[in-house]
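Residue numbers for the sequence shown follow UniProt numbering, beginning at 1 and rising by one. What follows is a set of notes on a single structure, which appears directly below.
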Amino acid sequence: MNSLFFIRLKIEELRIVLLMKRGAGKSSAGNTLLGRKSFHTAGSLQGVTQACSKITGTIHGHRISVVDTPGCTDLILTENKTTQEIAKCIDLSDLGPHVFLLVIPIGRFTKEEINTAQQILEVFGEEAGKYTMEKTIEEYLEGNHPDLKKILDLCEGRYHVLNNRDNENHMQVFTLLEKIKLMVKRNKGSSYTKAMYQKTADQVEEKWKREKMLKAMMGNEYRRQMRNSAVGSNDEAKVRNDLEYNSNMKTTVLERKEESVNTPYF
1 MNSLFFIRLK IEELRIVLLM KRGAGKSSAG NTLLGRKSFH TAGSLQGVTQ ACSKITGTIH
61 GHRISVVDTP GCTDLILTEN KTTQEIAKCI DLSDLGPHVF LLVIPIGRFT KEEINTAQQI
121 LEVFGEEAGK YTMEKTIEEY LEGNHPDLKK ILDLCEGRYH VLNNRDNENH MQVFTLLEKI
181 KLMVKRNKGS SYTKAMYQKT ADQVEEKWKR EKMLKAMMGN EYRRQMRNSA VGSNDEAKVR
241 NDLEYNSNMK TTVLERKEES VNTPYF
């Protein structure tokens, strides 16, 4: 049924993009998907991939392309470099990826992993959730991990277990491809486009500019108040806390004002 669906939609290539921070195992996951060592890997947290790279292959009768990305933790919130490199990974997927695979490594699941995943989904926008699957393991879902379940909800409940050390287990790749094909079917064959990303990227860059401006204003005000009064350490801490509170309030007001004009995505 799924094979007939692919023929009917004339999908010549299933386009996959791997996302997460350096050292998360994206390159290893790409090699597992392709059934060969195509992407360079390293055993340390110093991930090898420095720029987006694309490898194609034929797996279980379907042509696939896999795009490995630099560690998103190192790119997220670095302004122009982020948008340029992520836009490049979408360009490498030609018409846009059918699926983002959000790679969360087993054994190193931390708050940082969750924060990274949330930042990635923020940068790509709400539309990305329709095209995203999570790679993790069931034991975490059965445990008390509300943050992980929150990320899973953003991926619309899609996840898959992939053991990169069990390269001979071809069934795990076949099952993943079946899940991806089902997701593509639900999306009516559409893919995540550069236009979707650009719309979100422009909004995210505006958010970064506001935050940068508010931090600069807070720093200037803090220095002014320190110059104009001789304060003790307790008073100094109070001034800093008051300024941080006011900065957060200003950010909230700006975002609420923006919501009246634009579709909210934060």
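Ideal Cβ positions, reconstructed from N, Cα and C, are used throughout, including at glycine.
In angstroms, rounded to a whole number, what distance separates the CA positions of residue i and residue j?
i: N167; j: V66; result: 17 Å
i: T193; j: A216; result: 35 Å
i: T32; j: L177; result: 12 Å
i: G57; j: L19; result: 19 Å
i: V204; j: K130; result: 19 Å
i: I64; j: R210; result: 40 Å
i: I104; j: L214; result: 33 Å
i: C155; j: M218; result: 36 Å
i: I150; j: H62; result: Here residue 150 is Lys; the residue named in the question, Ile, does not match the sequence. Cα to Cα, K150 sits roughly 32 Å from H62.
i: D153; j: G125; result: 14 Å
i: E12; j: K212; result: 44 Å
i: M133; j: A117; result: 11 Å
i: P70; j: L182; result: 28 Å
i: K26; j: H40; result: 10 Å
i: residue 270; j: H170; result: The question about residue 270 has no answer here: the residues shown for the chain are numbered 1 through 266.
i: K88; j: L34; result: 21 Å
i: Q172; j: K54; result: 22 Å
i: N115; j: R22; result: 14 Å
What do you get for residue i, buried or exposed, if any count of 16 or more other CB atoms within 10 angstroms of its CB means buried?
i: R165; result: exposed
i: E113; result: buried
i: D202; result: exposed
i: P146; result: exposed
i: V161; result: exposed
i: A24; result: buried
i: R36; result: exposed
i: F174; result: exposed
i: residue 268; result: Lying outside 1 to 266, the shown extent of the chain, residue 268 is not represented and no answer is given.
i: K111; result: exposed
i: R158; result: buried
i: R186; result: exposed
Would you identify the three-state DSSP class for residue i, choosing helix, strand or coil?
i: F100; result: strand
i: N169; result: coil
i: G129; result: helix
i: S38; result: coil
i: G57; result: strand
i: V161; result: coil
i: D68; result: strand
i: L19; result: strand
i: L95; result: coil
Keeping to the same chain, check which residues put their C-beta closer than 6 Å to that of residue i; ignore five residues upstream and five downstream.
i: R15; result: S65, S93, P97, H98
i: V184; result: H98
i: D68; result: L18, K26, S27, G30, F39, T49, S53
Beta-carbon within less than 8 Å of residue i's beta-carbon, same chain only, minus the 5 sequence neighbours each way: which residues are those?
i: I90; result: V17, G96, P97, Y192, T193, K194, Y197
i: S233; result: Bear in mind that the predicted position of S233 carries a pLDDT of just 48, short of 50, making it unreliable; the figure below should be weighed with that in mind. Here the set comprises nothing.
i: A29; result: L18, L101, V103, K135, L162, N164
i: I180; result: L14, I16, H98, V99, M133
i: K199; result: G125
Who are the Cβ neighbours of residue i in its own chain at under 7 Å, not counting the five residues just before and after it?
i: A128; result: F100, L121, Y192
i: H60; result: F174, L177
Would a check of beta-carbon distances place residue i closer than 9 Å to chain B?
i: A195; result: The chain labelled as chain B is not found in the depicted structure, where only one protein chain is given.
Contact between the stretch 92 to 104 and the stretch 112 to 123: three or more CB pairs below 8 Å?
yes
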